[in-house]
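Colleague:
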Amino acid sequence: MQTRLFDVLPDDTWFYPGHGDDSTLGEQKPHLEEWRSRGW
Numbered sequence: 001m002q003t004r005l006f007d008v009l010p011d012d013t014w015f016y017p018g019h020g021d022d023s024t025l026g027e028q029k030p031h032l033e034e035w036r037s038r039g040w
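The sequence shown runs 1 to 40 under UniProt numbering.
Set out below in structure tokens:
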């Protein structure tokens, strides 16, 4: 996910996950390590 999305697209890129609130990559970037530790 990081190399295909977060490292390529700008931080102000919006995404719509289908659950929860819409967000931007920049808002979610700080959570990458937490996701990895969960096995996502």
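All C-beta atoms in this analysis are idealised placements derived from N, C-alpha and C, irrespective of residue type, glycine included.
#1: With DSSP as the reference, label Thr13 as helix, strand or coil.
#2: Could you please give me the residues that DSSP links to Ser23 through a beta bridge?
#3: Am I right that Thr13 and Thr24 are in contact with their C-beta atoms under 8 Å? What's the rounded C-beta distance?
#4: Does DSSP put Arg4 in a helix, a strand or coil?
#5: With respect to the alpha helix (DSSP H) encompassing Trp35, which residues constitute its N-terminal and C-terminal limits?
Modeller: With the structure as the only source:
#1: coil
#2: Phe15
#3: Going by Cβ atoms, the distance from Thr13 to Thr24 rounds to 6 Å, so yes, they are a contact pair.
#4: helix
#5: Leu32 to Ser37
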